[in-house]
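Student: Residue 5 is where the sequence shown starts when you use the numbering used here, and the numbers rise one by one after that.
Glycine included, C-beta positions come from ideal geometry on N, C-alpha and C.
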Amino acid sequence: MATISFLGAAQEVTGSCHLLRASGIGRILLDCGLPQGGDAVERQGDEPFAFNPREIDAVILSHAHLDHSGCLPRLVHEGFHGPIFCTPATAELLGIMLGDAAGLYERDLERENLRRRRRGLEPMPPTYTRADVERVLQLCEPHEYEERFALSDSASVTFHDAGHILGSAIVEVVFNEQGREKVLVFSGDIGKRDRVLMNDPALLERADLVLMEGTYGNRDHRPLGDTLVQLEGLLKDAWRRGGNVVIPAFAVGRTQELLFYLGQLAQENRLDPWQVILDSPMAISITHVYDRWLKSLDCAGIKPLCAGHQTLLREFIPRLQLCVSTEDSMAINSIQRGAIIIAGSGMCTGGRIRHHFKQRIWDRRNMVIFVGFQARGTLGRALVDGAKRITLFGDEYIVSAGIETLGGFSAHAGQTELVDWISHFRTGPRVALVHGEPQALDGLADRLWREKKIRAEVPQKGESWVF
Ligand code: ZN
5 MATISFLGAA QEVTGSCHLL RASGIGRILL DCGLPQGGDA VERQGDEPFA
55 FNPREIDAVI LSHAHLDHSG CLPRLVHEGF HGPIFCTPAT AELLGIMLGD
105 AAGLYERDLE RENLRRRRRG LEPMPPTYTR ADVERVLQLC EPHEYEERFA
155 LSDSASVTFH DAGHILGSAI VEVVFNEQGR EKVLVFSGDI GKRDRVLMND
205 PALLERADLV LMEGTYGNRD HRPLGDTLVQ LEGLLKDAWR RGGNVVIPAF
255 AVGRTQELLF YLGQLAQENR LDPWQVILDS PMAISITHVY DRWLKSLDCA
305 GIKPLCAGHQ TLLREFIPRL QLCVSTEDSM AINSIQRGAI IIAGSGMCTG
355 GRIRHHFKQR IWDRRNMVIF VGFQARGTLG RALVDGAKRI TLFGDEYIVS
405 AGIETLGGFS AHAGQTELVD WISHFRTGPR VALVHGEPQA LDGLADRLWR
455 EKKIRAEVPQ KGESWVF
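Below is the structure:
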């Protein structure tokens, strides 16, 4: 008998983590992600693992985003020492992402402990250190897409391209149980079709159980063409107003996509002479990784890059400025107008974006453009929902800048694409909808039943299924 336990990303979009148990393969963790919201200390310290990390035999990691990978250092710190299977690009990205997260965590922990000392409380010990991050990277065992590799004597795993971010995978686990072959498919995050840079998500046909994400389960995105027109229009508008544009962007995926479109607009002479500033050491490192892997991406949509010597960071965008040091970042404050500032974090829970808000958000000439999903409880979500005042570093700021959202840039499949993806399975699998807020997953389940007679279930956190 095989059991799957939904330990995270059940009726929510962060903290992806599922535990697969079956005779012959042991205990396998699918993802080990970090919940979002709060600061890095709160995120790490929130909840103990629902299992003993020492008893986990292996981790299969769908992709490098922190909400899928961010608890790996703590897992190692608490005794996990098995292999972490992932694609080669994921392993490369993971080093940058976890390194960056460790820096944030150390800083937030120091601040928290200072606060505690002032109140006469004991300091909090770290839940992991940089040595644990190093250990995670050593445990990574990379496998290419479509390469079937052994998980145990009776089980194998294959990664398929999920088209979500560089290296993202749909995970297929095939194992034998009492002479019968069973297949579990874990979608990870499924990309949107026809996106620039990324290939379309792979279609699978066979499974007994499918765990499918439903971040956008209750809606479709605006068509990308409309979004590009909207982006061009917003930038024209902001240029006329004599302001600056601040874009909170996830370092992986969204930033590179955005850079591509800004470059494309510039190449077609449709961009005013903006100074494009990438103010994120992590996004810069990650864009270098994308530049190295350009040829493995979907070259059809990015011909100027795949054909010539240009890359996202080289000669494609005029007036592109990369800010690594804090001094460079602070120097941006003196720019009066004409800057597009791309900084993290994507949901504004930390990072340099909050400093740019402090400088810009109270000025009506400026504009904030959101290009990605904003989870509940984050500053980004509050702004998208129309907050008129926000608190930054203990001070209140009035939100006067224009707040805009570009829907079509999503790295996730919309409802229709999810329905289409699951409809390719020919074996009538049991379907669990994960990685979505309740109304998104319910909306998706409703449409699957109405149109396809597929009965999809929405498990609760902590629920276990035998299959
Ligand atoms: Zn993701």
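Hey, which unbroken runs of the beta strand (DSSP E) at 3 residues or more fall wholly within the region 302-358?
Tutor: Taking only runs of at least 3 residues, the beta strand (DSSP E) segments lying wholly in the region 302-358 are 324-326, 343-347.
Student: Which whole-angstrom value describes the C-beta separation of valine 214 and valine 189, a residue pair presumed to lie in contact below a C-beta threshold of 8 Å?
Tutor: Mapped onto the sequence shown, residue 214 falls at position 210. Mapped onto the sequence shown, residue 189 falls at position 185. Their Cβ separation, rounded to whole angstroms, is 5 Å, which keeps valine 214 and valine 189 in contact under 8 Å.
Student: I'd like the span of the alpha helix (DSSP H) that includes glutamate 96, first residue to last.
Tutor: Here residue 96 refers to the residue found at position 92 when the sequence shown is read from its first residue. From DSSP, the alpha helix (DSSP H) with glutamate 96 extends over 92-122.
Student: Starting from phenylalanine 264, trace the alpha helix (DSSP H) both ways and give me its first and last residue.
Tutor: For the purposes of this step, residue 264 is identified with residue 260 of the sequence shown, where counting begins at 1. Looking at the DSSP string, the run of the alpha helix (DSSP H) that includes phenylalanine 264 is 258-271.
Student: Comparing C-alpha positions only, which one of Phe397, Gly412, Ile29, Phe361 sits nearest to leucine 387?
Tutor: Taking the sequence shown and counting its residues from 1, one reaches residue 387 at position 383. Comparing Cα positions, the closest option is Phe361.
Student: Under 7 Å Cβ to Cβ from alanine 255, same chain only, skipping five residues before and after it: list those, please.
Tutor: Here residue 255 refers to the residue found at position 251 when the sequence shown is read from its first residue. Contacts found: Ser284, Met286, Ala287, Ile290, Gly348.
Student: For the alpha helix (DSSP H) that contains proline 146, what are its first and last residues?
Tutor: For the purposes of this step, residue 146 is taken as the residue at position 142 of the sequence shown. Per DSSP, proline 146 belongs to no alpha helix (DSSP H); it is in the beta strand (DSSP E), 144-146.
Student: Could you give the distance in angstroms between the alpha-carbon of glycine 376 and the alpha-carbon of glutamine 182?
Tutor: Locating residue 376 in the sequence shown gives position 372, counting from the first residue. Locating residue 182 in the sequence shown gives position 178, counting from the first residue. Going from the Cα of glycine 376 to the Cα of glutamine 182 covers about 45 Å.
Student: Can you grab the Cα-Cα spacing for the pair methionine 5 / serine 191, in whole Å?
Tutor: Position 1 of the sequence shown, counting from 1, holds the residue named residue 5. Position 187 of the sequence shown, counting from 1, holds the residue named residue 191. Going by the C-alpha atoms only, they are around 22 Å apart.
Student: Could you tell me which residues DSSP puts in a beta bridge with leucine 153?
Tutor: Start at 1 with the first residue of the sequence shown, and residue 153 comes out as number 149. In the sequence as displayed, the identity of residue 153 is phenylalanine instead of leucine. Per DSSP, Val161.
Student: Are the beta-carbon atoms belonging to leucine 143 and glycine 74 less than 9 Å from one another?
Tutor: The residue given as residue 143 occupies position 139 in the sequence shown. The residue given as residue 74 occupies position 70 in the sequence shown. No, Cβ-Cβ distance for leucine 143 and glycine 74 is not below 9 Å.
Student: Using a strict less-than 5 Å threshold between each residue's beta carbon and the heavy atoms of the ligand ZN, what residues do you get?
Tutor: Residues with a Cβ closer than 5 Å to any heavy atom of the ligand ZN, in chain order: His69, Asp193.
Student: Between isoleucine 9 and the rest of its own chain, which residues show a CB-CB distance below 6 Å, the 5 nearest in sequence each way excluded?
Tutor: Counting from 1 along the sequence shown, the entry for residue 9 is found at position 5. The identity of residue 9 in the sequence shown is serine, whereas the question assumes isoleucine. Only Leu23, Ser468 meet the Cβ criterion.
Student: Please state whether DSSP places phenylalanine 361 in a helix, a strand or coil.
Tutor: Taking the sequence shown and counting its residues from 1, one reaches residue 361 at position 357. Here phenylalanine 361 sits in helix by DSSP.
Student: For glutamate 400, which residues from the same chain have a beta carbon less than 7 Å from its beta carbon, with the 5 sequence-adjacent residues on both sides left out?
Tutor: Translated into the one-based positions of the sequence shown, residue 400 becomes position 396. Excluding sequence neighbours, glutamate 400 sits near Arg393.
Student: Going by Cα to Cα distance, which pick from Ile60, Gly167, Asp71, Ala253 is closest to aspartate 204?
Tutor: In the sequence shown, counting from the first residue as 1, residue 204 sits at position 200. Among Ile60, Gly167, Asp71, Ala253, the Cα nearest to that of aspartate 204 is on Gly167.
Student: Quick one: grab the DSSP three-state call for tryptophan 469.
Tutor: Here residue 469 is taken as the residue at index 465 of the sequence shown, counted from 1. Here tryptophan 469 sits in strand by DSSP.
Student: Taking the alpha helix (DSSP H) that isoleucine 194 belongs to, which residues open and close that run?
Tutor: To locate residue 194, count along the sequence shown from 1; it is residue 190. Run containing isoleucine 194: none; DSSP gives neither H nor E here.
Student: Buried or exposed for serine 338, going by 16 or more other Cβ atoms inside 10 Å?
Tutor: Along the sequence shown, read from residue 1 onward, the residue named residue 338 stands at position 334. By the neighbour-count rule (16 or more Cβ atoms within 10 Å), serine 338 is not buried but exposed.
Student: Could you work out which residue in Ile194, Arg368, Asp367, Gly355 is closest to serine 384 when comparing CA atoms only?
Tutor: Here residue 384 refers to the residue found at position 380 of the sequence shown. Correcting the residue identity first, residue 384 is glycine in this sequence and not serine. Nearest option by C-alpha distance: Gly355.
Student: Could you tell me the distance, in whole angstroms, from the CA atom of valine 372 to the CA atom of glutamate 217?
Tutor: Against the sequence shown, residue 372 aligns to sequence position 368. Against the sequence shown, residue 217 aligns to sequence position 213. Each residue's alpha carbon lies about 28 Å from the other.
Student: I'd like to check one pair, leucine 97 with isoleucine 169: are the Cβ atoms closer than 9 Å?
Tutor: Locating residue 169 in the sequence shown gives position 165, where the first residue counts as 1. Locating residue 97 in the sequence shown gives position 93, where the first residue counts as 1. Closer than 9 Å, so yes.
Student: May I have a chain-ordered list of the beta strand (DSSP E) segments no shorter than 3 residues that lie completely inside the region 187-248?
Tutor: For the region 187-248, whole beta strand (DSSP E) runs of length 3 or above, ordered along the chain, are 213-217.
Student: I need the straight-line Cα distance from alanine 405 to alanine 391, nearest angstrom please.
Tutor: Position 401 of the sequence shown, counted from the start, is the residue given in the question as residue 405. Position 387 of the sequence shown, counted from the start, is the residue given in the question as residue 391. Roughly 12 Å separates the two Cα atoms.
Student: Curious, which full-length beta strand (DSSP E) runs of at least 3 residues does the region 416-452 contain?
Tutor: Segments of the beta strand (DSSP E) lying fully in the region 416-452: 434-438.
Student: Rounded to the nearest angstrom, how far is the Cβ of isoleucine 32 from that of alanine 62, given a contact under 8 Å?
Tutor: Taking the first residue of the sequence shown as position 1, residue 32 is located at position 28. Taking the first residue of the sequence shown as position 1, residue 62 is located at position 58. About 5 Å separates the two Cβ atoms, so the contact holds.
Student: With DSSP collapsed to three states, give me the class of leucine 23.
Tutor: Residue numbering aside, residue 23 sits at position 19 when the sequence shown is read from its first letter. Note: leucine 23 maps to strand in three-state DSSP.
Student: In the DSSP assignment, the alpha helix (DSSP H) including arginine 459 goes from what residue to what residue?
Tutor: Residue numbering aside, residue 459 sits at position 455 when the sequence shown is read from its first letter. Premise fails: arginine 459 is in no alpha helix (DSSP H) and is neither H nor E.
Student: Have a look at Gly350, Glu319, Lys299 and flag the residue whose alpha-carbon is nearest the alpha-carbon of arginine 258.
Tutor: The count along the sequence shown starts at 1 and reaches residue 258 at position 254. Of Gly350, Glu319, Lys299, the residue nearest in Cα terms is Gly350.
Student: For the region 262-277 and the region 313-321, state whether three or more C-beta atom pairs, one from each stretch, are separated by less than 8 Å.
Tutor: With a cut-off of 8 Å, the region 313-321 and the region 262-277 count as touching, because enough Cβ pairs lie within range.
Student: Please classify phenylalanine 320 as buried or exposed, where buried requires at least 16 neighbouring CB atoms within 10 angstroms.
Tutor: Counted from its first residue, the sequence shown places residue 320 at position 316. Buried, because 16 or more other Cβ atoms sit within 10 Å of the Cβ of phenylalanine 320.
Student: For leucine 396, which residues does DSSP report across the bridge?
Tutor: By one-based count along the sequence shown, residue 396 stands at place 392. In DSSP, leucine 396 forms a bridge with Asp399.
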